[in-house]
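A.B. asks: Residue numbers (UniProt numbering): 1 to 64.
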């Protein structure tokens with residue numbers, strides 16, 4: 001799997017706060033330089049394939 005810059009930023013954000021749930025809005029506003037909503041959902045679909053990223057009740061979080 002190839003990870004692009006915005007995916008890498010999202011992954012780092014989630015990794016920096018394990019088990020903390022982030023909404024789409026939280027993540028979009030936390031990414032330096034902003035992130036378009038369409039691009040965000042595209043990136044999250046790819047990241048959700050990783051075992052360490054979980055989605056629950058509309059929030060994403062990193063698990064070790």
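No residue lacks a Cβ here, since even glycine has one placed at the ideal position from N, Cα and C.
Which two residues bound the contiguous alpha helix (DSSP H) that contains residue 37?
C.D. replies: Start at 1 with the first residue of the chain shown, and residue 37 comes out as number 37. Segment 37 to 47, the alpha helix (DSSP H) holding residue 37.
A.B. asks: Provide the residue(s) that pair with residue 59 in DSSP beta bridges, ordered along the chain.
C.D. replies: Translated into positions along the chain shown, residue 59 becomes position 59. In DSSP, residue 59 forms a bridge with 56.
A.B. asks: Under 8 Å, do residue 40 and residue 53 count as touching if we go by C-beta distance?
C.D. replies: By one-based count along the chain shown, residue 40 stands at place 40. By one-based count along the chain shown, residue 53 stands at place 53. No, these two residues do not count as a Cβ contact at 8 Å.
A.B. asks: At which residues does the alpha helix (DSSP H) containing residue 26 begin and terminate?
C.D. replies: Reading the chain shown from its first residue, position 26 is the one you call residue 26. Here the alpha helix (DSSP H) through residue 26 covers 24 to 30.
A.B. asks: Is it the case that the Cβ atoms of residue 60 and residue 44 are separated by a distance below 8 Å?
C.D. replies: Against the chain shown, residue 60 aligns to sequence position 60. Against the chain shown, residue 44 aligns to sequence position 44. Contact flag set, yes.
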